[in-house]
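Some notes on the structure that comes next.
In the working numbering, the protein residues as written are -3 to 77.
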């Protein structure tokens, strides 16, 4: 097992080429110890309808910190599954 509570960056790639990032949002947020210290909590207001967002205006950066709700819906799943 890899502890992602203090490790950011790409941990996977979806078929759509969107990147899956860890819940760690970087040193400005600190170690992830709960929902309120996660990138999902801190950056959630920038997510699109699928639960993902871009972090750069100059390079490819579209990514998700959680499984995208649009993909889950296509698979017949829910975010609570």
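All C-beta atoms in this analysis are idealised placements derived from N, C-alpha and C, irrespective of residue type, glycine included.
Option in the options with minimal Cα separation from residue i
{"i": "residue 15", "options": "24, 0 and 5", "result": "5"}
{"i": "residue 61", "options": "46, 45 and 17", "result": "17"}
{"i": "residue 9", "options": "63, 74 and 71", "result": "63"}
{"i": "residue 68", "options": "-1, 54 and 47", "result": "47"}
Check whether residue i and residue j have beta carbons under 8 Å apart
{"i": "residue 36", "j": "residue 1", "result": "no"}
{"i": "residue 21", "j": "residue 34", "result": "yes"}
{"i": "residue 25", "j": "residue 13", "result": "no"}
Chain-order list of residues whose beta-carbon lies under 8 Å from that of residue i (same chain, five-residue window excluded)
{"i": "residue 27", "result": "1, 2, 20 and 33"}
Beta-bridge partners of residue i, as assigned by DSSP
{"i": "residue 9", "result": "15"}
### Secondary structure, beta strand (DSSP E): runs of 3+ residues fully inside the stretch 13 to 69
Restricting attention to beta strand (DSSP E) runs no shorter than 3 residues, the stretch 13 to 69 encloses them at 15 to 17, ordered along the chain.
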